[in-house]
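Colleague: In our numbering, the protein residues as written are 6 to 89. Beta carbons are placed, not taken as given, at the ideal position from N, Cα and C, and that holds for glycine.
1) Using 8 Å as the threshold, is the segment 30 to 40 in touch with the segment 50 to 68, meaning 3 or more CB pairs across them?
2) Would you decide whether residue 45 is buried or exposed? Buried here means 16 or more other CB atoms lie within 10 Å of its CB.
3) Should residue 63 and residue 12 be called a contact, given that it needs their Cβ atoms to be closer than 8 Å?
4) When you compare the CB positions of residue 39 and residue 49, do they come within less than 8 Å of one another, or not?
5) Quick one: is residue 10 buried, meaning 16 or more other Cβ sit within 10 Å of its Cβ, or exposed?
6) Any chance you could list the alpha helix (DSSP H) runs of at least 4 consecutive residues sitting entirely within the segment 7 to 59, in chain order?
7) With DSSP as the reference, label residue 79 as helix, strand or coil.
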């Protein structure tokens with residue numbers, strides 16, 4: 006059961022951070038770049054690949070944060086059980 010909860014925490018962290026970064030940072034920057042700086046379709050495709058890479062890194066970082074949150078939650082739970 007602990008493994009399932011840990012996996013859910015990792016997935017929730019990964020999805021949450023990557024979704025947040027995509028909606029708050031990448032979409033506005035992408036729209037601005039498309040309207041003001043892009044000269045060709047090649048520029049847009051390079052920007053898209055960079056955005057995918059950034060979102061993948063955010064998913065990895067979010068998974069790590071989810072795992073960290075699970076471990077801290079589990080540590081608090083264990084320390085409460087040890088108290089008389």
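Modeller: According to the data block:
1) Inter-segment contact for the segment 30 to 40 and the segment 50 to 68 is present: three or more beta-carbon pairs are separated by less than 8 Å.
2) exposed
3) no
4) Yes; because the gap between Cβ atoms is below 8 Å, this pair is in contact.
5) exposed
6) 7 to 26, 32 to 41
7) helix
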